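Colleague: Could you have a look at this structure, given as structure tokens, before my questions?
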């Protein structure tokens with residue numbers, strides 16, 4: 002990890018490291034059949050060549066024209082951008098074509114994300130509708146990491162200290178503020194490092210994925226592959242997630 006992490010940045014980093022895009026997409030189509038596209042592209046972030054995932058879900062990227070289009074494939078009758086219950090998200094996973102291990106890992110991540118969001122609201126992860134696990138891009142990002150670990154035959158995932166920026170006291174929306182609080186709960190007890198960046202560098206989705214599936218610390222590796230996944234924003238540091246794959 003260099004400049005931060007988001008769900009789509011993790012996906013992009015695995016693609017950059019050689020993940021079979023076709024095999025990944027076939028697996029993800031069993032989770033959500035349609036209503037989204039995956040069009041990776043090469044970009045440069047502060048001098049570092051990286052891959053941008055290009056995962057687009059119309060209606061969750063400001064495209065209101067398509068907001069209702071594929072809703073019947075997605076959840077309990079909701080729209081693309083509608084919040085969902087934890088049970089609704091887990092049902093999507095269970096009826097997918099993911100392997101048993103992939104479903105188990107994905108479900109664990111969603112539960113962690115829901116638990117952290119419930120804590121920010123002072124409640125429990127029951128029938129409440131969640132902002133952080135509900136969107137289809139978040140559901141796909143989590144599933145993508147679980148599929149990638151299997152396809153790339155990664156036995157153990159390690160995570161370097163999380164970069165923490167200076168988050169503004171005021172945000173553009175209540176959703177952004179909620180995501181920051183959820184991330185803070187998820188990173189409790191994990192090593193962090195401060196960066197001179199005024200923004201949130203680790204999203205709630207990425208925090209849930211990494212704190213659930215990874216262990217802290219960098220192992221001693223003979224590196225075989227390196228992948229860089231790019232984020233949308235540009236900071237004073239390269240906004241990329243780096244994945245190193247190798248053998249002990």
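Residue numbers (the numbering used here): 2 to 249. Beta carbons: idealized from backbone N, C-alpha and C, even for Gly. This one's a predicted model, so the numbers in the text were calculated from it and none came from an experiment.
Report yes if the C-beta distance between residue 31 and residue 89 is below 7 Å; otherwise report no.
Modeller: Contact flag unset, no.
Colleague: Does the Cβ of residue 183 have 16 or more other Cβ atoms within 10 Å, making it buried, or fewer, making it exposed?
Modeller: Buried is the call here.
Colleague: Residue 24 to residue 55, Cα distance in whole Å?
Modeller: Computed Cα separation, rounded: 17 Å.
Colleague: State the start and end residues of the unbroken alpha helix (DSSP H) segment that holds residue 15.
Modeller: Looking at the DSSP string, the run of the alpha helix (DSSP H) that includes residue 15 is 8–17.
Colleague: Counting only the same chain and skipping the five closest in sequence on each side, list residues whose C-beta sits under 6 Å from that of residue 158.
Modeller: Here the set comprises 214 and 215.
Colleague: Using DSSP with H/G/I as helix, E/B as strand and the rest coil, what is residue 88?
Modeller: Here residue 88 sits in helix by DSSP.
Colleague: State the CB to CB distance for the pair residue 12 and residue 200, rounded to an integer number of angstroms; the pair is presumed to be in contact (CB under 8 Å).
Modeller: The pair is not a contact, with the Cβ atoms about 20 Å apart (cut-off 8 Å).
Colleague: Near residue 40, which residues of its chain fall below 6 Å by C-beta distance, leaving aside the five closest residues on each side in sequence?
Modeller: Closer than 6 Å at the Cβ level, and outside the excluded window around residue 40, lie 55.
Colleague: For residue 165, name the three-state secondary structure that DSSP assigns.
Modeller: Strand, per DSSP.
Colleague: To which residues of the same chain is residue 17 closer than 7 Å at the C-beta, ignoring the five residues directly before and after it?
Modeller: Counting only Cβ-Cβ distances below 7 Å, and skipping sequence neighbours, we find 51, 52, 228, 229 and 230.
Colleague: Just the C-alpha distance for residue 3 and residue 124, rounded to the nearest angstrom, thanks.
Modeller: So the two alpha carbons sit approximately 34 Å from each other.
Colleague: Following the continuous alpha helix (DSSP H) through residue 245, name the residue where it begins and the one where it ends.
Modeller: Where residue 245 is concerned, there is no enclosing alpha helix (DSSP H), although the beta strand (DSSP E) it sits in stretches over 241–248.
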